[in-house]
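The structure appears right after this line, and notes come after that.
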Amino acid sequence: MSDGEFGPLSVPRRMLLGPGPTNVHPRVLRAMSTPITGYLDSAYFEILEEISEMLQIIYQTRQTTMVVAASGSGGMEAGLNSLIERGDKVIMCSYGHFCDRMIEMAGRLGAEVVSVRSEWGRAMDPALLADAISANPDVKLVTAIHAETSAGVLQPLEELSRLTHEAGALFLVDMVTSLAGAEVRFDDWEIDYAYSGPQKCLAGPPGLSPVAVSDTALDYVRNRATKPSSWYLDIDLISRYWGPEHVHHHTSPVSMMFGLREALAMALEEGVDNRIKRHAHTAAGLRAGLNALGLNLPVPAAERLDQLTVIEVPAGIDDNAVRQQILNEYAIEIGRGLGEFKGNKWRIGLMGESCQPQNVLAVLAAFERVLPLHGFEVAAGAGVAAASIELGKHEIPVP
Ligand SMILES: Cc1ncc(COP(=O)(O)O)c(C=O)c1O
0 MSDGEFGPLS
10 VPRRMLLGPG
20 PTNVHPRVLR
30 AMSTPITGYL
40 DSAYFEILEE
50 ISEMLQIIYQ
60 TRQTTMVVAA
70 SGSGGMEAGL
80 NSLIERGDKV
90 IMCSYGHFCD
100 RMIEMAGRLG
110 AEVVSVRSEW
120 GRAMDPALLA
130 DAISANPDVK
140 LVTAIHAETS
150 AGVLQPLEEL
160 SRLTHEAGAL
170 FLVDMVTSLA
180 GAEVRFDDWE
190 IDYAYSGPQK
200 CLAGPPGLSP
210 VAVSDTALDY
220 VRNRATKPSS
230 WYLDIDLISR
240 YWGPEHVHHH
250 TSPVSMMFGL
260 REALAMALEE
270 GVDNRIKRHA
280 HTAAGLRAGL
290 NALGLNLPVP
300 AAERLDQLTV
310 IEVPAGIDDN
320 AVRQQILNEY
330 AIEIGRGLGE
340 FKGNKWRIGL
350 MGESCQPQNV
360 LAVLAAFERV
370 LPLHGFEVAA
380 GAGVAAASIE
390 LGKHEIPVP
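Just so you know, we're using numbering that gives the first Met the number 0 here: the sequence shown kicks off at 0 and counts up by one.
The structure is reproduced here in structure tokens:
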């Protein structure tokens with residue numbers, strides 16, 4: 000290949016209905032093309048302060064918020080790296096693929112991991128945590144995932160938090176898929192560390208992790224006996240850059256922060272409660288359509304996410320072939336199953352900018368044509384018709 004052959008960047012347009020990233024509003028994309036400032040420029044610090052303030056509103060906290068310059072897994076690792084010392088006992092609630100990722104990370108940090116495993120596709124019974132705490136009263140940290148994207152389940156947190164604090168431990172929660180798509184009350188639920196990702200219900204660029212940290216957790220990191228093993232993911236050092244002293248740490252990804260800033264502003268302009276309702280009403284439309292096509296939604300109604308719907312791949316159907324055909328012919332991305340759900344579940348995300356009624360109709364129309372070609376008969380038009388009726392029950396304003 001000669002030097003001149005590459006030409007301008009060319010990427011196909013997609014309707015992103017997988018587990019993230021989601022589509023992003025042009026206003027967010029425009030913000031990302033704003034000229035770059037220095038990361039120690041006072042004008043940039045003002046933007047960081049805005050981001051931090053907007054995150055306090057969205058996380059519902061008066062405590063510290065900031066952004067880790069790494070993806071959601073980076074926010075996960077920053078929390079574990081900062082709150083675990085080698086040999087600490089950590090109880091890790093596990094009901095999906097991302098819970099397993101946390102367990103892997105904690106093991107690598109030298110924690111003594113006690114994993115409390117429960118069924119994928121179901122919320123975990125807090126009694127399991129109570130039992131694990133009675134058997135391990137010296138626990139230092141408990142971890143959970145609010146919205147397990149791999150399993151499509153919303154995990155209630157209040158009881159887990161109560162049990163954790165009764166045992167004198169800290170409570171770390173993954174809110175990658177829940178933030179701005181489900182109710183989040185960081186202070187009321189007494190969470191000590193939460194991390195998220197902009198690429199889901201916030202509809203921002205992937206590759207960052209907005210976090211919230213309690214005063215107790217920050218005190219702990221600042222006074223722990225040994226320094227966290229990762230310098231880059233040390234929450235204390237990152238908080239000192241985001242705090243009033245703005246201590247130099249790393250070169251901040253300025254363009255990404257501009258995009259996140261705009262995505263947060265859009266979420267607040269819409270109103271977080273309205274955005275949560277938009278997720279609920281749009282998902283109800285999708286579920287009505289899928290039910291009308293005779294597809295099985297395995298997560299019980301009271302436990303399922305609105306942001307992401309898990310669908311059983313019908314017996315004898317090639318999961319990958321269907322997804323590829325929908326991608327190639329309709330430019331719609333839907334998600335594959337992970338871990339225990341690999342090959343036997345599809346996952347349709349309706350998050351952030353991708354959470355729109357017309358996207359529901361488009362993906363159902365694609366299913367209606369493609370599924371029969373692979374041997375699963377459906378009544379043509381039934382999914383779109385049922386979804387239209389359900390979607391028509393509410394006004395769903397999309398900003
Ligand atoms: C619940 C959950 N946690 C963590 C992650 C990891 O985030 P990232 O891919 O941004 O590292 C994801 C990604 O989908 C997720 O859904």
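Each residue gets a CB set at the ideal place from its N, CA and C atoms; glycine is no exception.
Where residue i and residue j are concerned, what is the direct C-alpha to C-alpha distance, given to the nearest angstrom?
i, j, result
"Pro410", "Ser208", "For residue 410 there is no data in the structure shown, the boundaries of the chain being 0 and 398."
"Phe375", "His24", "35 Å"
"Asn343", "Glu367", "19 Å"
"Glu302", "Ala68", "32 Å"
"His247", "Thr225", "22 Å"
"Met101", "Glu339", "16 Å"
"Leu326", "Asp318", "13 Å"
"Leu417", "Ile310", "Any property of residue 417 remains undetermined from this structure, which presents the chain solely from 0 to 398."
"Asp40", "Asp218", "28 Å"
"Met53", "Val183", "14 Å"
"Gly6", "Val369", "35 Å"
"Ile331", "Ser387", "19 Å"
"Leu108", "Ala143", "18 Å"
"Asn271", "Glu4", "It should be noted that the sequence gives Val, not Asn, for residue 271. C-alpha separation (whole angstroms): 46 Å."
"Leu140", "Ala181", "24 Å"
"Phe66", "Met256", "According to the sequence provided, residue 66 is Val. The question's Phe does not apply to it. Computed Cα separation, rounded: 9 Å."
"Ala202", "Asn273", "15 Å"
"Leu127", "Gly106", "21 Å"
"Ala320", "Ser353", "23 Å"
"Glu304", "Ile83", "In the sequence as presented, Glu is not what sits at residue 304; that position holds Leu. Between Leu304 and Ile83, the C-alpha separation is close to 30 Å."
"Pro20", "Ser133", "40 Å"
"Phe483", "Tyr38", "Here the chain has residues from 0 to 398 only, and residue 483 is not among them."
"Ala30", "Asp137", "48 Å"
"Arg121", "Ala385", "26 Å"
"Pro227", "Gln62", "21 Å"
"Tyr194", "Ser1", "44 Å"
"Glu189", "Pro243", "25 Å"
"Phe170", "Leu259", "26 Å"
"Ala131", "Ser93", "12 Å"
"His393", "Pro313", "31 Å"
"Gln323", "Leu232", "37 Å"
"Glu389", "Ala283", "7 Å"
"His373", "Tyr329", "16 Å"
"Cys98", "Gly206", "20 Å"
"Asp235", "Pro204", "25 Å"
"Gly351", "Ala216", "30 Å"
"Gln306", "Gln59", "20 Å"
"Ile57", "Pro371", "43 Å"
"Ile50", "Trp241", "10 Å"
Any idea which residues DSSP pairs residue i with across the strands?
i, result
"Tyr192", "Leu171, Val212"
"Trp345", "Ile310, Arg335"
"Glu147", "Val152"
"Ala330", "DSSP, once it has assigned bridges, lists no residue as partnering Ala330."
"Thr142", "Met91, Leu171"
"Glu111", "Lys88"
"Ala181", "Leu178"
"Arg116", "Ser93"
"Met350", "Answer by DSSP bridge pairing: none, since Met350 is not bridged."
"Leu15", "Glu332"
Residue i CB to nearest chain B CB: under 9 Å?
i, result
"His249", "You won't find chain B in this structure, because it holds only one protein chain."
Practice item. Flag this pair as touching only if the region 11-22 and the region 349-365 have three or more C-beta atom pairs under 8 Å; answer yes or no. Key: yes
Practice item. Report yes or no: do the region 289-305 and the region 148-159 share at least 3 C-beta pairs separated by less than 8 Å? Key: yes
Practice item. Decide yes or no for the touch test of the region 368-382 against the region 274-292: beta carbon pairs closer than 8 Å, at least 3 of them. Key: yes
Review point. Which runs of the alpha helix (DSSP H) fall wholly inside the region 230-254 and span at least 4 residues, in chain order?
Key: 234-241
Point to revise | Secondary structure, beta strand (DSSP E): runs of 3+ residues fully inside the region 32-68 | key: 63-67
**Study point:** Three-pair Cβ contact test at 8 Å for the region 99-116 versus the region 232-251
**Key:** no
Check your understanding: In the region 73-98, which residue ranges form an unbroken beta strand (DSSP E) of at least 3 residues, counting only runs that do not cross its ends?
Key -> 88-93
Point to revise | Stretch pair the region 261-275 + the region 83-92: three plus CB contacts closer than 8 Å | key: no
Exercise for review: Would you check if the region 71-79 and the region 158-177 touch, i.e. whether three or more CB-CB distances between them fall below 8 Å?
Suggested key: yes
**Study point:** 4 or more residues per run - each alpha helix (DSSP H) lying fully within the region 258-310
**Key:** 271-291
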